[in-house]
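Student: If you're matching positions, the sequence shown starts at 62 in the numbering used here and goes up one per residue.
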Amino acid sequence: MSFLKTFTNGLLKGNPVLAMLLGMCPVLAITTTVINGIGMGAATIFVLVCSNTVISSLKSIIPKQIRLPAFIVIIAGFVTICGFLLARYFPDIDKALGVFIPLITVNCIILGRAESFASKNSVAKSALDGLGMGIGFTGALILIGSVREIFGNGSWMGINLFSRDAAVSFLTHPAGAFFVLGIIIAVTNILTKKMSAEKTGCKECPVSDACGKKEES
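Structure follows, in structure tokens:
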């Protein structure tokens, strides 16, 4: 896989949230505002890039029998550093995210990339993979948070857009998070299928029958 494909894989086609449905707990819990999504996304990018880089660097000396515990220790170390930095420089975001910062340690996105990619590829590719996956994760959080904050609170990043009386408060509740996530995933699937059809042609596209579009002869 080229460096460009490694980086772009996590943006849409292999997006950890919209394509692989990983890390759902923080996605649904903290996306009531865009600021929360940005904070969680930035923390995840930091941990992904740093842990992928270190794990890739040490892959040849970590015994296979203890690789998962070793990966978790490395990830936990960077999560701890991230927690200290947030508490020191961004106390409001740290307070808003609460327990979800230390829970990054057991986020299946982080450990999954460590096991499936960083432990098998070069340092440069592993760092790019972590950056791409982190940006894709952050983008999904911002998108979901924007929809929920705008239509649920009548604001965006704390800026009032319209009266809260006209907002749909349901979207700020847990059920609203599932509803918004489902809609966004559906739209993402449609876009991904169309992009696949445009690149390969309808005859080679695996979903050509489902989308109802026929290639002109």
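Glycine residues also receive a C-beta, built at the ideal position from the N, C-alpha and C atoms. Keep in mind it's a predicted model, so treat the numbers as computed, not measured.
1) Taking N70 as the reference, give the member of L192, T92, L83 and I205 with the closest Cα.
2) Alpha carbon to alpha carbon, how far is D155 from M85?
3) Rounded to the nearest angstrom, what separates L202 and S180 at their Cα positions?
4) State the beta-bridge partners of I220 as determined by DSSP.
5) Could you tell me the alpha carbon to alpha carbon distance between F239 and S118, rounded to whole angstroms?
6) Count the CB pairs spanning the region 88 to 99 and the region 115 to 131 that are closer than 8 Å, and state whether there are at least three.
7) Starting from M62, trace the alpha helix (DSSP H) both ways and give me its first and last residue.
8) Please say whether T105 and G197 have beta carbons closer to each other than 8 Å?
9) Rounding to the nearest angstrom, what Cα-Cα distance links L204 and K186 in this structure?
10) Which of the three DSSP states, helix, strand or coil, is assigned to I122?
11) Between the alpha carbons of D226 and G215, how many angstroms are there, rounded?
12) Tell me which residue opens and which closes the alpha helix (DSSP H) that F139 is part of.
13) Among the candidates R174, G159 and G98, whose CA atom is the shortest distance from the CA of C111?
14) Should the region 126 to 141 be regarded as contacting the region 163 to 174, the criterion being three or more beta carbon pairs within less than 8 Å?
15) Tell me which same chain residues have a C-beta within less than 6 Å of the C-beta of A148, skipping the five on either side of it?
16) Measuring straight from C-alpha to C-alpha, what distance separates L67 and F231?
Tutor: Looking at the atomic coordinates:
1) L192
2) 19 Å
3) 27 Å
4) W217
5) 38 Å
6) no
7) Careful: M62 lies outside any alpha helix (DSSP H) and carries neither H nor E.
8) no
9) 27 Å
10) coil
11) 8 Å
12) R128 to Y150
13) R174
14) yes
15) D155
16) Going by the sequence as given, residue 67 is Thr instead of Leu. Going from the Cα of T67 to the Cα of F231 covers about 38 Å.
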